[in-house]
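649 is the number that the working numbering gives to position 547 of the sequence shown; each next residue is one higher, with no gaps.
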Amino acid sequence: MEYNFKEIESKWQRRWQEDKTYKVETDPSRPKFYVLDMFPYPSGAGLHVGHPLGYIASDIYSRYKRQKGFNVLHPMGYDAFGLPAEQYAIQTGQHPAVTTEQNIARYREQLDKIGFSFDWDREVRTCDPGYYKWTQWAFLKMFGSYYCNDRQQARPIEELTAAFERNGTEGLNVACTQELHFTAEEWRAMSEAEKEQTLQNYRLAFRADTMVNWCAKLGTVLANDEVHDGLSVRGGYPVEQKRMKQWLLRVTAYAQRMLDGLDKLAWSDSLKEIQRNWIGRSEGAQVFFDIKDSDRKLEIFTTRPDTIFGVTFMVIAPEHEWVGSLTTPENRAAVEEYICQAKKRSERERIAETKRVSGVATGSYAVNPFTGKAIPIYISDYVLAGYGTGAIMAVPAHDSRDYAFARHFGLEIVPVVEGGDISQESYDAKSGKVINSDFLNGKDVKEAIGLMFDEIERRGLGRKRINYRLRDAIFSRQRYWGEPFPIYYKNDIAYPLAEDKLPLELPPVADFGPTEQGEPPLARVKEWATPEGWPYELSTMPGFAGSSAYYLRYMDPHNDQALVGREADEYWRSVDLYVGGIEHATGHLMYSRFWNMFLYDLGVVCEEEPFRKLVNQGMIQGRSNFVYRIVGTNKFVSLGLKEQYRTQALYVDVNIVRNDILDIDAFRAWMPEYKDAEFILEDGKYVCGWAIEKMSKSFYNVVNPDYIVENYGADTLRMYEMFLGPLEQSKPWDTNGIDGVYKFLRRFWRLFYDRDGRLIVTDEKADEKELRTLHKTIKKVSEDIENFSFNTSVSAFMICLNELGECNKREIIEPLTVLLAPFAPHIAEELWAALGHTTSVCTADYPVYDEKHLAQSAFEYPVSINGKLRFKKEYATSLTPAQMQADVVTLPEAQKWLEGKTPKKVIVVPGKIINIVI
């Protein structure tokens, strides 16, 4: 009987679903283990072969832990809100809820075909009102909280207002947007609107003016990774930096706790370093520079106050609030033109382009507080409004970017080391002493910095402070398909919706685009207001809102009284293993940690950190193709001609490209926006660009796993994806090796059945060699699973089968079936049942290796003659090399090749090989 994977896999997938094999309950009598995957966004393209990589790894580990006796929670759901679904709705007129439901059904079908051990009774969807009720609830709690720095904890906002009533801001140490100072009397004299405006300075969820990536064509704010070269990734529309009133989350309040918490986590050092750099803790000084002929002072932050003597100019960000007031009339036209250009570049691009020099003079001057010199103030986009104060003191003899700027604009460069060698720091490399001022002469750098901190405070020029690179999270999106804010407005004052009114559900709309006035789509809904007529917030929450606490909801998904009940939270506590891409290091992981710490402060959860261990799977790479659109047109130019035009590279579906030649008719039919596309060809063809990179739906370079499942089976797909290489490394997709895995499974099947379909398993006693192979494999695979070395596990299975030959003894192949089950569960279930078991192999006890079988009493040596393998011979491990040398040449197998000659040399490598040289 041949291995019929189609019949076997459909049978067991149906059985698992009917029997609810993977359903899990809270069970205090058993040890728990929580395995989580980063849940997918369900696009219309469905899964590609890159998606299951992490899912398969986590599924293997889940099944392994279940067989080891753990009560395993392994859930799955969908990150179902977002811009792609909304844009598709705008293009096609279909409601995003309809297309999202269709896409989820497609994903579920594909996931089921691969045989994952998900408990589908715990499925969550972020677009489900029953789910986003708790996202809205958490937002209300943040709106009603502030952060006490002394207690390092979120506290009710009522405590803060009570403190204002008693003493104003005196003695308070709280997280805020800017430092305010007022008395109790001044607080009490404020109007309701003024009080609320003041509280927005302290709330953990607050509304403020901030710089955003604004895409007018899409009518919404975009995240940095949704913008490239000043254009939206989706659609290629112009994006500009714009100041808008937005909702934000005060993530910065938790910056130090998130830094400290990294030391407790079993994450990779590289991932921790990414988070540390993103949080970016800096100890420095706040310093105020007088503005010449003005009462104003320009605030900067520096970690090197000892270099202040070398400051020869100042630079402010194009978005700095003082740009208008600092710009003189004769410089205004140049400044306005520069700012217009700067708006077209995202912050990420501005940070990345370290060699680009641009800027414009304001015409105003500041005064160096230590030298008394008047120094010019410039505007440049290498300074960011959201980092520090949005202004810097420039020390061109100390900083390479300041130096390039000074050289470009012909500004003064004051040497801060003897001879003006700008390649050194602000101290003499030979003596290690600071020499840039009489005040600091003879001091080493560390001492000089400390003295300057003290001197700045003594002179009243500023104070010591800690700064973070981390920014508060912009939490508004001007689009329809997202969680509505539980906020309404009276006279432009934001009020929270009562918790018993949650969830505030999205209303139906026919037009999903922005209004003619540029307002969000919800502005079209005239009844979008409270029963009293107070308008609701028109923006919706961003994609990361629904994904920031979904792992908690999986613990208790049907609880309509709480995000997670106390019993469920105290049992499951936190995620023991989280598997997902490293690209989420500075987004999702940061926001989830913040969200969880906040809930911990409220006493909602019992663990401060959400994810104990995190494994980043590498990418399965694909071949991407590009078309080149001439900017501002719907005309596309072929690869070899693109340098003649200003173009934007756009990804194109690899399925309509053959050998890098575009199918133009298929391209026009691919998306509505391209139906009237024009082309500039070379040699009558449109040649696409290409690159090997991450396989991603957004890159349109995906390979569908359905083809592999249909032709080789899910178990083959599962084992092959693990066999491609180490889990945490990226690797290109290549189906050339898939047949080897498929052959392995068929060989394993033939240990149980002959070609006529008869079960041929025997109860014959296994010999020591067979037992050694079995227990060696159990030890190897167990250790590999614990270390996430799944590729070497697959190799170990293949080696095991080669060593066992045609062994069909129950004592050997029964435990091997259990061992294989996490990797290839369908074939394992079928063979486990064939062995007479009535329960699932998923619940079988994981085999344990016995050390006594690992002690090798003999070794089978491959014997080579003149470097070519001729035969094999087993020798006891107790024999010496000399004894084996003497014996091996006398064997008939050796004599056949020696032909009566005396060997020149016999080389024995113990436990490895024997080589006879003639």
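Ideal Cβ placement from N, Cα and C applies to all residues, glycine included.
Of the other Cβ atoms in all chains shown, fewer than 16 fall within 10 Å of the Cβ of Tyr-809; this residue is therefore exposed. With contact defined as three or more Cβ pairs closer than 8 angstroms, the stretch 387-395 and the stretch 551-566 are in contact. In the displayed model, Gln-254 falls within coil according to three-state DSSP, outside both helix and strand.
Of the residues assessed, Asn-904 falls on the exposed side of the cut-off, its CB having fewer than 16 other CB atoms within 10 angstroms. As for any alpha helix (DSSP H) of minimum length 4 sitting wholly inside the stretch 157-214, the runs are 185-194, ordered along the chain. Per DSSP, Gln-958 lies in no alpha helix (DSSP H) segment and is marked neither H nor E.
With respect to the C-alpha of Asp-785, the residue from Ile-763, Asp-767 and Val-226 having the closest C-alpha is Ile-763. Cβ contact annotation for Gln-987 (same chain, cutoff 7 angstroms, sequence separation greater than five): Val-1008 and Val-1010, in chain order. Between the stretch 906-914 and the stretch 923-935, the count of C-beta pairs closer than 8 angstroms stays below three; the two stretches do not touch.
For Gln-119, the enclosing alpha helix (DSSP H) begins and ends at 107-121.
Restricting attention to Lys-113, Ala-182, Ala-240 and Gly-270, the CA atom closest to the CA of Gly-217 is found in Lys-113. By the 16-neighbour rule on beta-carbons within 10 angstroms, Cys-790 is buried.
Pro-586 and Glu-639 have their alpha carbons spaced roughly 8 angstroms apart. In this structure, His-150 keeps its C-beta atom at 8 angstroms or more from the C-beta atom of Asp-221. With at least 16 other beta carbons inside 10 angstroms of its own, Lys-882 counts as buried. Shown here for Asp-613: same chain residues with a beta carbon closer than 8 angstroms to its own, the five before and five after excluded, namely Pro-623 and Arg-626 in chain order. For the 8 angstroms CB-CB criterion, Met-797 and Gly-152 form a contact. For the set Met-313, Val-323 and Asp-331, the Cα lying nearest the Cα of Arg-345 is the one of Met-313. Distance from Ala-286 to Arg-268 at the Cβ level is roughly 6 angstroms; contact confirmed, criterion being Cβ atoms closer than 8 angstroms. Cβ atoms of Val-417 and Gly-461 come within 8 angstroms of each other, at about 7 angstroms. Annotation for Asp-858: Met-103 place their beta carbon closer than 8 angstroms to its own, counting only its chain and skipping 5 residues before and after. Annotated as distal: Gly-645 and Asp-230, with beta-carbon spacing of 8 angstroms or more. By the neighbour-count criterion, in which 16 or more other beta carbons inside 10 Å mark a residue as buried, His-955 falls on the buried side. Per DSSP, reduced to three states, the secondary structure at Asp-658 is coil, with no helix or strand assignment. Going by DSSP, Ile-551 is part of no beta strand (DSSP E) but of the alpha helix (DSSP H) stretching over 547-560. For Ile-515 and Ala-508, the gap between their C-alpha atoms comes out near 7 angstroms. Buried is the label assigned to Val-425, since at least 16 other Cβ atoms lie within 10 Å of its Cβ. In its chain, beyond the 5 residues on either side, Gln-169 and Lys-170 have a beta carbon closer than 6 angstroms to the beta carbon of Tyr-948.
The Cβ neighbour count for Val-200, taken over all protein chains shown within 10 Å, is under 16; the residue is labelled exposed. Exclusion of the five residues before and after Glu-823 leaves Val-151, Pro-154, Leu-155, Ile-158 and Ile-722 as the residues of its chain whose Cβ lies within less than 8 angstroms of its Cβ. Secondary structure of Val-329 (DSSP, three-state): strand.
Between the alpha carbons of Ser-650 and Ser-694 lies a distance of about 4 angstroms.
Residues of the same chain with a CB within less than 6 angstroms of the CB of Pro-834, apart from the 5 flanking positions on each side, are Gln-723 in chain order. Contact between Val-717 and Phe-890 holds, with the beta-carbon distance rounding to 6 angstroms and staying under 8 angstroms. Going by DSSP, Cys-317 is part of the beta strand (DSSP E) stretching over 307-317. Taking 8 angstroms as the cut-off, the Cβ atoms of Pro-198 and Ala-207 do not count as close.
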